[in-house]
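Heads up, the numbering used here is the position in the sequence shown plus 966, with the first residue counted as 1. Please read the structure below before turning to the comments.
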Amino acid sequence: MADIQGLLDTFFMTRENPVLTGLLSKEEQEKLKTQQMIGTGIGLATGVASNWNKGPLSTVLGGFTGASAGRQAPIDTTLKNYMTTNELAKMMQDLKLGQYNLKEKERFEAGLADAIKTSPELANAYFVDPKGTLERIQKSDPRFRPYGEIKSDEAAFYGALGINPANATEKDKQDFLKFSMAVPDKDAFAKQVERADFLAKNKGIANLPPVVSQSDVMAQIIKERSGVQPTSTGFAKETQPKGQPTGQPSTQPTGQPSGKPVPLIDDPNQISDVRIDLKKSKAGDTNLAVKSIQDLNRQEKLINDILNSKGFNQAFGFGGVTSSAISGSDAAYTKRLLDQLKAKSFVGSIMEMKGDQGSTGFGQLAVSEGAQITSAQSAVDQSLDPDAARVELTRYLKKVQDAKNNLTQDYSTKYGDLPSERVKEKTSFSTDKGVITDAVTGAGLPTKILQEYGSQIDPNAYYKVVKGVPYLIRKK
């Protein structure tokens, strides 16, 4: 249909308008083409009928002229309607703008009149430079000074205390300063682990200050404001009622430390408990990082296998589906690799690497990284021509490699080098007379796999087992 429309446009010398094409939606363009076809037919019939008795040449010319005019008319009419609509819209905007400017001037005049009543001594200055005078007053009069910017953590602090930030006193600001200098809650545990580890290695040190988190400071401030006084150790104690003795007075001079240091950790087992938590945390992070990198390694290997396969050009683009359907062909081998790359197991592993509900734990992909890998995986399709498919696969490979490097770097920054023997996953298997064995250790696989897939195994091929299913990788 599009070819017929183009032929008619050329024959009847239709003047297309590129601006109109950009304004119309796809449905509106289809309607316009239909109107052009109708206009062409009506114009042709009208031109022929009008010149029927004037001879063959006049009849042909009349039909051509009528068809040309009838085909051009819908374009001109539509463009004129758009121009009229836009002109009306612009007139309405100009009208609203004029009303807004009028209201702005009215507000200014009302404000100027009020300012003259308030400060009659400035009446002459108002008349000479009304706007400049008002601006100078706003900058000098405290009533017009705006409040400073309130940051999110400051707003949260004052909100927890039920204080309007605009009415914060000097004491409130000092409390917020103490709060902001404390360790953020998200970093407190790591700091406690570092402190406990340091104390465990340096047995003679007992006066290392404790880790004070923002939650600790907030709790202390709330207790202070509710009539509870803080102690010198950073914890609060109840205020002593008036009239009651407070015990023996201290003989130590004011401001001087006592001769015997007070241990900051009462329970000697607390250090070992924290060290155990550190080991648990490291083990969990290591497991996550190893699993994520193993999944990324499998994807990286598959992408490289596809890019280097002999049947790559035959498996993609026009005729790719047909070529890959021929059993035993190079294109079929490439198609099997592509199916493995887009299998549900890999899609699931990407979702696991992204964390739960958009959260990101240590050893997991950032949310943006997971989205980029998923998008790159979806972009690889057999319908792409070979060059385009190679570009998409290369982009996919780059995303996978970047994510793997980021995971490795994060782990190295926190714990050191990632255990290479754990990252090297043994998932490639070969066959020996129908028995799938580990390509590295030679150990046999579970009997369940052999019983279920043994009849389909080629002893002269390499396989990869993914979630209990052997996939053909390549011929020996």
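Even glycine gets a Cβ: it sits at the ideal position worked out from N, Cα and C. Since the model is a prediction, treat every value here as computed from it, not as a measurement.
Between the CA atoms of residue j and residue i - distance to the nearest angstrom
i: S1290; j: L1350; result: 14 Å
i: D1299; j: N1270; result: Reading off the sequence shown, one finds Tyr at residue 1299, where the question assumed Asp. Approximately 14 Å between the Cα atoms of the pair.
i: T1031; j: R1356; result: 53 Å
i: F977; j: A1055; result: 37 Å
i: A942; j: F1164; result: Lying outside 967 to 1442, the shown extent of the chain, residue 942 is not represented and no answer is given.
i: P1227; j: E1160; result: Residue confidence is low: P1227 scores 36 on pLDDT, short of 50, so the model does not pin down where it sits. Its coordinate-derived value is still stated next. Roughly 21 Å separates the two Cα atoms.
i: L1262; j: K1364; result: 11 Å
i: F1278; j: G1294; result: 14 Å
i: S1341; j: R1264; result: 18 Å
i: E993; j: M979; result: 24 Å
i: T1050; j: F1074; result: 36 Å
i: N1067; j: P1086; result: 27 Å
i: D1353; j: E982; result: 35 Å
i: K1105; j: G1064; result: 30 Å
i: R1361; j: D1368; result: 11 Å
i: Q1260; j: K1301; result: 23 Å
i: A1337; j: E1120; result: 33 Å
i: E1070; j: T1012; result: 59 Å
i: E1101; j: K1083; result: 17 Å
i: N1372; j: K1257; result: 14 Å
i: A1122; j: P1096; result: 41 Å
i: A1134; j: P1176; result: 29 Å
i: Q1375; j: A1156; result: 18 Å
i: L1078; j: M1057; result: 31 Å
i: L1061; j: D1042; result: 28 Å
i: I970; j: L1027; result: 21 Å
i: K1380; j: S1118; result: 29 Å
i: A1162; j: D1251; result: 20 Å
i: R1191; j: E1136; result: 14 Å
i: Q1052; j: Q1038; result: The question names Gln, yet the displayed sequence has Asn at residue 1052. One C-alpha to the other measures close to 22 Å.
i: G1125; j: D1153; result: 22 Å
Burial state of residue i, where buried means 16 or more other Cβ atoms lie within 10 Å
i: Y1092; result: buried
i: V1346; result: buried
i: P1022; result: exposed
i: V1366; result: buried
i: G1009; result: buried
i: K916; result: The requested residue 916 does not occur in the structure, where the chain is confined to residues 967 to 1442.
i: A1249; result: exposed
i: G972; result: exposed
i: S1034; result: buried
i: L1359; result: buried
i: F1282; result: buried
i: Q1059; result: exposed
Other residues of its chain near residue i: CB distance less than 7 Å, five sequence neighbours each side excluded
i: A1088; result: The question names Ala, but residue 1088 in the sequence shown is Leu. Only T1099 meet the Cβ criterion.
i: V1183; result: K1144, F1145, A1148
i: I1292; result: A1298
i: I1129; result: D1138
N-terminal and C-terminal residue of the alpha helix (DSSP H) that residue i is part of
i: L998; result: 992-1016
i: D1519; result: As displayed, the chain neither begins before 967 nor continues past 1442, which places residue 1519 out of reach and without an answer.
i: D1353; result: 1352-1381
i: T1300; result: 1296-1307
i: G1286; result: 1286-1290
i: I1187; result: 1180-1191
i: A1121; result: 1118-1127
i: N1279; result: 1278-1281
i: N1090; result: 1089-1094
i: Q1158; result: 1151-1167
Presumed contact (8 Å Cβ cut-off) between residue i and residue j, rounded CB distance
i: D1296; j: K1267; result: Not quite, the Cβ-Cβ distance comes to about 19 Å (not below 8 Å), so this is no contact.
i: L1304; j: I1272; result: 6 Å
i: Q995; j: P1040; result: Not confirmed; about 11 Å, so no contact.
i: T1025; j: N1017; result: 5 Å
i: S1181; j: D1151; result: 5 Å
i: V1014; j: G1036; result: Their Cβ separation, rounded to whole angstroms, is 12 Å, which puts V1014 and G1036 out of contact at 8 Å.
i: Q1343; j: G1286; result: The Cβ separation is near 18 Å, so there is no contact.
Cβ shell of residue i (< 8 Å), same chain only, five flanking positions each side left out
i: G1382; result: none
i: K1167; result: none
i: L1307; result: Q1265, L1268, I1269, I1272, Q1343, V1346
Cβ neighbours of residue i in the same chain (closer than 6 Å, five flanking residues each side left out)
i: Y1377; result: A1255, L1384
i: I1187; result: D1141
i: A1081; result: none
i: I1004; result: none
i: A1309; result: none
i: L974; result: none
i: I991; result: As written in the sequence, residue 991 is Ser, which differs from the Ile given in the question. Same-chain partners within the cutoff: there are none.
Closer than 7 Å: residue i CB and nearest the ligand FMN heavy atom
i: D1351; result: The ligand FMN is not part of the structure shown, which contains no ligands of any sort.
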